[in-house]
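Below is one structure, written out as structure tokens, with a few remarks after it.
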Amino acid sequence: MRFPTKTASNNEREEFNDIVQKNVKDCYQCLKCSSGCPLTAHMDYYPHQVMLLAKMGLFDQIFESKTLWVCASCLACSSRCPRDLEPAKIMEGFRTMILRDRDQGNVEILDTRKVPRQALIASMRKFRR
Amino acid sequence: MDVFKILITGVGIMLGYYPGCTVRAHQNDKFEQESLKILELLGVSVEELSEWECCGAIYPLTSDEYMPLLSSVRALKKTEEENKDGLLTLCSACYHVLKRVNNRMNQDEEAKKRVENYLEEEYEGTTKVYHLIEVLRDHVGYDQLKEQVIKPLEGEKIASYYGCLFLRPESELGLLDAENPTLMDEILESLGAETVNYPYRTDCCGAYHVSQQEDVSNNASQKIILAAKKAGATELVTACPLCKHNLEYCQKDLQEDEKITINYITNPIIRALGGNEQLKDLTNLAN
Ligand code: SF4
Ligand code: SF4
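Residue numbers (our numbering), protein chains in the order written: chain A, 1 to 129; chain B, 1001 to 1287.
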């Protein structure tokens, strides 16, 4: 993990808290979330590392992270977290901050072949604005 | 005509039916027709809601957004207005979204107030949401299912794939044990099939990543296929249109001997009940 110098502003913290309504400081880094995550092979930070960065207020690191766009909200982590922190919701919080701010998405939808509507609608709603 | 043991008493409930965009759009794969036939045969009355719209495909995890709740609330409210005993869905995503929105309306005062203001009507969160396999367990029962079997599924080793959406969060959905679900296996066993236990049956298939980061969903799905195959499965069943698509699509990169047939859970049920031919006289087909 690289350590940057700037931590989140009060505004950013407030916005994040409104969206997730969780106290990330409660995370005790047990790693249960990352151990059961099926998509870690594609992530740069593992879920517990995102939690640690959030705890330390290093939001910019998280905004740059690939992990936010890899998490599929499968809720394995959320349902197992002993502190009920819902890491999936934390990811959604950061993703939403980016989407609301930039007013556009971070992924290209492949339109080259037919995928179920459920996937298209879900992708548009998760990753674009 | 004892091949056709349909003269059983109905189970006495009348459910509203919510097809959802994906199941309705993919008529060719017969999920909807087969589900409705099975329910008709087993005496469960089902009637499509007079109006419905897409549930939005995902439940919003953000606590400060209320618009994504509206379409589900309309469907839940409609179910009540049309005097149904609950709302049935076949798709795990619709089930997940509708049920969680309903819980939210029960538990989150702020959300309830905002949604009601917008819709200009009240909704108390009283509609019960059912998944097809839940109706089979709770309102039909394995014994009755067993009685209807004409061709037991002998010699088949079927792996059930549960996926995420109707398992988690268990505290809200409460349908299955999220870490060790057995419901689909129990249904298959009552049809005479042998079931296969294998790892990753509750792991995500990669979901909507298939529409933009194929490698993510393909890797996740292949892991599931290979584990089921290794455990000796000859077929894999699911109850979700997106899982089915991903599990099929990811096999394009596999060797012939690593591939496996993916079916909806309704497929083995129909086969055990005598096959589509036997059931063709039933009327309850989608319009
Ligand atoms: S499971 Fe919960 S408490 Fe444990 S590391 Fe993950 S977020 Fe923190
Ligand atoms: S919700 Fe996201 S972070 Fe959590 S286990 Fe699933 S993919 Fe991993």
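Yeah, the Cβ is synthetic: ideal placement off N, Cα and C, and Gly gets one too. As the structure is a prediction and not an experimental result, all values here were calculated from the model.
Where the beta strand (DSSP E) through glutamate 1048 (chain B) begins and ends: Translated into positions along the second sequence, residue 1048 (chain B) becomes position 48. For glutamate 1048 (chain B), the uninterrupted beta strand (DSSP E) run begins and ends at 1045-1048, by DSSP.
Members of the segment 1209-1220 of chain B that neighbour chain A once the beta carbon cut-off is set at 9 Å: From the segment 1209-1220 of chain B, only His1209, Val1210, Ser1211, Gln1212, Gln1213, Glu1214, Asp1215, Val1216, Ser1217, Asn1219 and Ala1220 have a Cβ closer than 9 Å to chain A.
Classification of leucine 31 (chain A) by the beta-carbon crowding that lies within 10 angstroms, buried from 16 upward: Stepping through the first sequence from its first residue, residue 31 (chain A) is reached at position 31. With fewer than 16 other Cβ atoms within 10 Å, it is exposed.
Residue of B:Glu1121, B:Ser1071 and B:Ala1093 minimising C-alpha distance to tryptophan 1052 (chain B): If you number the second sequence from 1, residue 1052 (chain B) lands on position 52. For tryptophan 1052 (chain B), the closest C-alpha among the options B:Glu1121, B:Ser1071 and B:Ala1093 is that of B:Ser1071.
Leucine 1076 (chain B) beta carbon less than 8 Å from that of tyrosine 1087 (chain B): Locating residue 1087 (chain B) in the second sequence gives position 87, counting from the first residue. Locating residue 1076 (chain B) in the second sequence gives position 76, counting from the first residue. First, the amino acid is wrong: residue 1087 (chain B) is leucine here, not tyrosine. Yes, they are a contact pair.
Sequence ranges, alpha helix (DSSP H) only - wholly within the segment 1020-1081 of chain B, length at least 4: 1021-1025, 1031-1041 and 1070-1081, all fully within the segment 1020-1081 of chain B.
Continuous alpha helix (DSSP H) assignments of at least 4 residues falling wholly in the segment 1083-1159 of chain B: Correct list: 1092-1107, 1109-1119, 1132-1135 and 1142-1148.
Per-residue contacts from threonine 1261 (chain B) into chain A (C-beta, under 8 Å): The residue given as residue 1261 (chain B) occupies position 261 in the second sequence. Chain A residues near threonine 1261 (chain B): none, gap ~18 Å exceeds 8 Å.
Cβ-based burial, tyrosine 1118 (chain B) [other Cβ within 10 Å; buried from 16]: Numbered from 1 along the second sequence, position 118 holds the residue referred to as residue 1118 (chain B). Looking at its Cβ environment, which holds fewer than 16 other Cβ atoms inside 10 Å, tyrosine 1118 (chain B) is exposed.
Cα-Cα separation, glutamate 1082 (chain B) to cysteine 1243 (chain B): Counting from 1 along the second sequence, the entry for residue 1082 (chain B) is found at position 82. Counting from 1 along the second sequence, the entry for residue 1243 (chain B) is found at position 243. So the alpha carbons of these two residues sit roughly 32 Å apart.
Test item: CB-CB of asparagine 1246 (chain B) and cysteine 1205 (chain B) under 8 Å: Residue numbering aside, residue 1246 (chain B) sits at position 246 when the second sequence is read from its first letter. Residue numbering aside, residue 1205 (chain B) sits at position 205 when the second sequence is read from its first letter. Yes, the pair counts as a contact, with Cβ atoms nearer than the cut-off.
Short CB-CB distance (under 8 Å) between alanine 1178 (chain B) and chain A: Taking the second sequence and counting its residues from 1, the one referred to as residue 1178 (chain B) is at position 178. Contact of alanine 1178 (chain B) with chain A is assigned, a C-beta pair being separated by under 8 Å.
Any chain A beta carbon closer than 8 Å to alanine 1111 (chain B): Position 111 of the second sequence holds residue 1111 (chain B). Not closer than 8 Å to any Cβ of chain A, the Cβ of alanine 1111 (chain B) fails to qualify, so no.
Min CB distance asparagine 10 (chain A) to chain B below 8 Å: The residue given as residue 10 (chain A) occupies position 10 in the first sequence. Not a single C-beta of chain B is nearer than 8 Å to the C-beta of asparagine 10 (chain A).
CB contact below 8 Å: cysteine 98 (chain A) versus chain B: Start at 1 with the first residue of the first sequence, and residue 98 (chain A) comes out as number 98. Here residue 98 (chain A) is isoleucine; the residue named in the question, cysteine, does not match the sequence. It does not; no Cβ of chain B falls within 8 Å.
Pick from B:Thr1022, B:Ser1035 and B:Tyr1017 that is closest to threonine 1266 (chain B), judged by C-alpha positions: Here residue 1266 (chain B) refers to the residue found at position 266 when the second sequence is read from its first residue. Here the closest residue by C-alpha is B:Ser1035.
Neighbour list for histidine 48 (chain A) in chain B, Cβ cutoff strictly below 8 Å: In the first sequence, residue 48 (chain A) corresponds to position 48, counting from 1. At a C-beta separation below 8 Å, histidine 48 (chain A) has no neighbours in chain B, since its nearest C-beta there lies roughly 18 Å away.
Cysteine 30 (chain A) beta carbon near ligand 1 (any heavy atom closer than 7 Å): Along the first sequence, read from residue 1 onward, the residue named residue 30 (chain A) stands at position 30. Result yes, Cβ under 7 Å from ligand 1.
Any non-hydrogen atom of ligand 2 closer than 7 Å to serine 1160 (chain B) Cβ: For the purposes of this step, residue 1160 (chain B) is taken as the residue at position 160 of the second sequence. No, the beta carbon of serine 1160 (chain B) sits no closer than 7 Å to any heavy atom of ligand 2.
Against chain A: residues of the segment 1022-1035 of chain B by CB proximity under 8 Å: Those residues of the segment 1022-1035 of chain B that come within reach of chain A (Cβ to Cβ, closer than 8 Å) are Thr1022, Ala1025 and His1026.
Cutoff 6 Å; reference leucine 1279 (chain B); Cβ partners in own chain excluding five residues on either side: Along the second sequence, read from residue 1 onward, the residue named residue 1279 (chain B) stands at position 279. So the qualifying residues of the chain are Lys1037.
Among B:Asp1177, B:Val1073 and B:Leu1191, the one whose alpha carbon lies nearest that of glycine 1155 (chain B): Position 155 of the second sequence, counting from 1, holds the residue named residue 1155 (chain B). Checking every option, the nearest Cα to that of glycine 1155 (chain B) belongs to B:Leu1191.
Per-residue DSSP class, three states only, for glutamine 118 (chain A): One-based indexing of the first sequence puts residue 118 (chain A) at position 118. In the structure shown, glutamine 118 (chain A) adopts helical secondary structure according to DSSP, grouped into three states.
Closer than 7 Å: leucine 1167 (chain B) CB and nearest ligand 2 heavy atom: For the purposes of this step, residue 1167 (chain B) is taken as residue 167 along the second sequence, with counting starting at 1. Leucine 1167 (chain B): no, Cβ never under 7 Å from ligand 2.
Residues bridged to glycine 1016 (chain B) (per DSSP): Looking up residue 1016 (chain B) in the second sequence gives position 16. Its beta-bridge partners are B:Glu1047 and B:Leu1087.
Which listed residue (B:Val1216, B:Tyr1198, B:Cys1240 and B:Ser1211) has its alpha carbon closest to that of isoleucine 1225 (chain B): Position 225 of the second sequence, counted from the first residue, corresponds to residue 1225 (chain B). Considering only alpha carbons, the answer is B:Tyr1198.
Proximity test, Cβ basis, 8 Å: lysine 126 (chain A) and chain B: Walking along the first sequence from the start, residue 126 (chain A) turns up at place 126. Under the Cβ criterion of 8 Å, lysine 126 (chain A) is counted among the residues facing chain B.
First and last residue of the uninterrupted alpha helix (DSSP H) at glutamate 1186 (chain B): Start at 1 with the first residue of the second sequence, and residue 1186 (chain B) comes out as number 186. Under the DSSP assignment, glutamate 1186 (chain B) falls in the alpha helix (DSSP H) whose first and last residues are 1183-1190.
Alanine 1288 (chain B) to cysteine 1240 (chain B) span [Cα, whole Å]: This structure gives no information on residue 1288 (chain B), because the portion of chain B shown stretches from 1001 to 1287.
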